[in-house]
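Sequence positions in the sequence shown follow UniProt numbering and run 1 to 576.
Taking it in order: structure first as structure tokens, then the write-up.
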Amino acid sequence: MAFQRRRHHERMVTAARMSGMTAISAAALFIFMVVAFLTVLAPPLVDHPEFPNPPEHSRRARHSSMLLENPVEMKGKVSGGEIFRVPSGGDMQGSDIWESKGSRYFYGCSNASKEFEKADAIIYPDRYLMISTSGGLNQQRTGITDAVVAARILNATLVVPTLDQMSFWKDASNFTEVFDVEWFISSLSKDVKIVKELPSKGGKVIATPYRMRVPRKCTPRCYQNRVFPALLKKHVVQLTKFDYRLSNKLENDLQKLRCRVNYHALRFTDPIRKMGETLIKRMKSKSKHFIALHLRFEPDMLAFSGCYYGGGDKERMELGTIRKRWKNLHESNPDKERRQGRCPLTPEEVGLMLRALGFGNDVHIYVASGEVYGGEETLAPLKALFPNFHSKETLANKEELSPFLPFSSRMAALDYIVCDESDVFVTNNNGNMAKMLAGRRRYFGHKRTIRPNTKKLYSLCQNRTSLTWDVFASKIRTFQKGFMGEPNEMRPGRGEFHENPSTCICETKSEAGSSAQVQQRVELKDGRDNLSKSDALSGYDEQDWGDWDYDETVPVGKALPNRTAVDDTDLEEFSD
1 MAFQRRRHHE RMVTAARMSG MTAISAAALF IFMVVAFLTV LAPPLVDHPE
51 FPNPPEHSRR ARHSSMLLEN PVEMKGKVSG GEIFRVPSGG DMQGSDIWES
101 KGSRYFYGCS NASKEFEKAD AIIYPDRYLM ISTSGGLNQQ RTGITDAVVA
151 ARILNATLVV PTLDQMSFWK DASNFTEVFD VEWFISSLSK DVKIVKELPS
201 KGGKVIATPY RMRVPRKCTP RCYQNRVFPA LLKKHVVQLT KFDYRLSNKL
251 ENDLQKLRCR VNYHALRFTD PIRKMGETLI KRMKSKSKHF IALHLRFEPD
301 MLAFSGCYYG GGDKERMELG TIRKRWKNLH ESNPDKERRQ GRCPLTPEEV
351 GLMLRALGFG NDVHIYVASG EVYGGEETLA PLKALFPNFH SKETLANKEE
401 LSPFLPFSSR MAALDYIVCD ESDVFVTNNN GNMAKMLAGR RRYFGHKRTI
451 RPNTKKLYSL CQNRTSLTWD VFASKIRTFQ KGFMGEPNEM RPGRGEFHEN
501 PSTCICETKS EAGSSAQVQQ RVELKDGRDN LSKSDALSGY DEQDWGDWDY
551 DETVPVGKAL PNRTAVDDTD LEEFSD
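Written as structure tokens, this is what we have:
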């Protein structure tokens with residue numbers, strides 16, 4: 001019995017020892033597996049920020065580079081063991097991303113028809129129309145364009161429009177400091193009579209302007225019914241807050257007049273044009289092609305749109321404080337706004353979109369923007385994706401920019417010029433500058449203009465770490481079909497005319513076209529900003545940020561008290 005008890009005791013001890021060893025082995029195996037797993041997730045040493053960059057040929061040999069977010073490197077494990085990483089090189093997917101092959105068959109054509117009478121035959125000498133524009137540079141540009149057409153409809157002489165000096169931007173510039181007024185008057189002389197100021201009689205102006213406002217999208221009949229009687233009685237009528245006050249759809253000759261004004265007669269002053277040309281030359285000296293990005297990620301834009309980007313209470317408080325400037329803005333659901341594509345993409349999301357479309361990290365990018373919300377921290381991911389990052393402030397020194405710095409409209413004009421001449425223009429909202437440049441680039445040869453499909457891209461970017469890069473990039477390219485600025489992407493008559501001037505775009509079915517068509521194309525190309533007088537005078541549901549209506553304190557179509565400055569508390573347009 002004693003022997004059996006000893007044997008049983010020895011078996012128990014042995015079993016306990018083996019159990020202990022098994023537990024230790026299992027623990028050791030678990031630790032080994034954790035270390036191995038972390039090793040797989042860790043970036044290669046050559047990707048680590050503490051190591052110098054490898055030679056260019058070495059980077060090309062590797063399949064992937066990096067993805068930055070705020071601005072720490074982020075890598076997500078996905079099914080199949082692959083890691084979401086942005087390739088360093090571009091991938092054009094067999095197509096030329098810099099231009100559309102079909103663009104060669106389209107050209108601008110805005111000459112008046114034979115039936116369009118000359119100004120001398122229709123303008124009455126005792127009718128004067130004055131216009132007060134509204135908003136930033138590009139919103140005012142729409143107002144000036146439509147003012148010329150409104151004067152033509154009313155058979156009135158147009159007084160050179162006054163620019164908005166009372167809005168958010170507080171820019172004291174007048175028309176002659178931004179636009180070439182002599183060119184503006186002479187190039188439109190056969191269409192509308194334009195004078196710099198009201199004529200005087202006996203040292204006094206001929207009449208006190210009768211001030212009024214017309215509704216948004218006012219048709220020619222609307223002008224005849226609302227403005228014409230006042231013009232007959234008072235002889236001088238001033239239309240205030242003049243932005244988007246003319247119908248989008250007009251007869252062809254009036255639409256073509258819009259194009260002659262916007263694309264030929266409205267030319268910036270020499271100092272602005274020369275500085276703009278300098279910036280373009282400096283961009284082109286760095287690379288054969290370049291992208292211009294209208295980032296529009298300033299605090300005022302984000303506050304006005306009611307969007308939220310994950311910055312917690314600090315962001316809500318800062319943007320909420322700015323938003324209080326406009327008492328009549330409705331309450332918004334920030335998450336819903338982003339889901340429905342009504343918010344700008346973040347700089348990082350724009351960069352990811354461009355890389356997915358095939359632009360490599362060697363591409364030079366010009367960013368047209370004011371003060372970006374979040375500063376350098378917000379821009380860091382975009383700069384990591386596109387290290388060749390430029391702006392007017394980096395291309396020119398303070399001395400060169402000093403004549404323009406105090407004036408937002410002149411600084412915006414410099415961005416306008418560079419964006420217009422870029423090989424690819426990328427918008428990050430559907431506001432006034434985006435629309436004006438998209439229309440201009442269509443008119444002058446359908447140069448590539450990319451609009452983010454924000455509704456689709458937002459959700460995709462939010463879930464990107466659950467995808468491989470190849471899958472993510474493929475989805476981006478799919479979602480961006482119809483948003484790449486291809487000819488016929490927008491049906492004629494769709495959207496704002498300033499964005500889609502379809503009446504002023506002609507098509508030739510052959511590559512060369514007839515000799516007349518070729519001559520017309522040469523005239524328009526040469527006339528972008530230096531059109532000779534003879535040439536100038538010959539004749540979908542989508543997010544829309546450029547035409548939000550305002551809470552106006554004076555009923556439309558009613559007279560305003562005569563005063564030198566409108567003291568309305570209207571909301572300014574924030575999509576320039």
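Where is the CB? At the ideal position from N, CA and C, for every residue including glycine.
Integer Cβ distance of residue i from residue j, believed to fall under 8 Å
i	j	result
aspartate 253	threonine 133	Not quite, the Cβ-Cβ distance comes to about 24 Å (not below 8 Å), so this is no contact.
serine 247	lysine 201	Rounded, the Cβ-Cβ distance is 35 Å, inconsistent with contact.
leucine 457	methionine 353	6 Å
threonine 346	tyrosine 309	6 Å
glycine 306	glutamate 349	Rounded, the Cβ-Cβ distance is 18 Å, inconsistent with contact.
isoleucine 450	leucine 460	With 8 Å as the limit, isoleucine 450 and leucine 460 do not qualify as a contact, their Cβ atoms being about 16 Å apart.
arginine 211	glutamine 238	5 Å
histidine 364	lysine 447	Not a contact, Cβ separation roughly 17 Å.
arginine 316	alanine 303	Their Cβ separation, rounded to whole angstroms, is 10 Å, which puts arginine 316 and alanine 303 out of contact at 8 Å.
phenylalanine 297	serine 369	7 Å
lysine 233	alanine 119	Their Cβ separation, rounded to whole angstroms, is 23 Å, which puts lysine 233 and alanine 119 out of contact at 8 Å.
For residue i, the residue or residues it bridges with in DSSP
i	result
phenylalanine 268	Phe179
alanine 112	Alanine 112 is not bridged to any residue.
valine 368	The sequence shown places alanine at residue 368, not valine. DSSP output for alanine 368 lists His294 as bridge partner(s).
cysteine 506	Tyr107
threonine 157	Tyr128
serine 332	Beta-bridge pairing links serine 332 to no other residue.
threonine 468	Partner(s): none; threonine 468 has no beta bridge.
isoleucine 194	Leu158
isoleucine 450	Val426
histidine 390	Tyr366
arginine 321	One point to set straight first is that residue 321 is threonine, not arginine, in the sequence displayed. In the DSSP output, where bridge partners are listed per residue, threonine 321 has none listed.
lysine 204	Lys201
threonine 133	Phe242
Check: residue i C-beta below 8 Å from any heavy atom of the ligand ADP
i	result
cysteine 222	Among the ligands in the structure shown, none appear at all, so the ligand ADP cannot be discussed.
Contact under 9 Å by Cβ, residue i with residue j
i	j	result
isoleucine 123	asparagine 155	yes
residue 603	phenylalanine 497	Here the chain comprises residues numbered 1 to 576, so residue 603 is not present and cannot be evaluated.
glycine 493	lysine 249	yes
phenylalanine 472	asparagine 453	no
arginine 258	threonine 157	no
isoleucine 97	leucine 357	yes
valine 181	alanine 413	no
proline 220	tryptophan 469	no
methionine 130	valine 236	yes
valine 418	lysine 383	no
glycine 439	glutamate 499	yes
tyrosine 366	leucine 395	yes
arginine 464	isoleucine 272	no
glycine 89	aspartate 362	yes
methionine 275	glutamate 399	no
isoleucine 206	tyrosine 128	yes
residue 582	tyrosine 373	Absent from the structure is residue 582, since the part of the chain shown begins at 1 and ends at 576.
Any chain D beta carbon closer than 9 Å to residue i
i	result
alanine 151	The question asks about chain D, but that chain is absent: this structure has only one protein chain.
Give a yes or no on contact between the stretch 426-437 and the stretch 155-166, applying the rule of three or more CB pairs nearer than 8 Å. Short answer: they don't touch.
So does the stretch 420-428 actually touch the stretch 286-294, counting three or more Cβ pairs closer than 8 Å? Yes, the stretch 420-428 is in contact with the stretch 286-294.
For the 8 Å Cβ check, are there 3 or more pairs between the stretch 230-245 and the stretch 137-149? The stretch 230-245 makes contact with the stretch 137-149: 3 or more CB pairs, one atom from each, lie closer than 8 Å.
With a floor of 4 residues, list each alpha helix (DSSP H) that falls wholly inside the stretch 206-272, ordered by position along the chain. Listed in chain order, they are 220-226, 228-234, 252-260.
Do three or more CB pairs link the stretch 484-504 to the stretch 106-115 at distances below 8 Å? Flag = yes, the stretch 484-504 and the stretch 106-115 touch.
Restricting to runs no shorter than 4 residues, where is the alpha helix (DSSP H) found entirely within the stretch 393-446? Counting whole runs of 4 or more residues, the stretch 393-446 contains the alpha helix (DSSP H) stretches 398-401, 408-421, 432-443.
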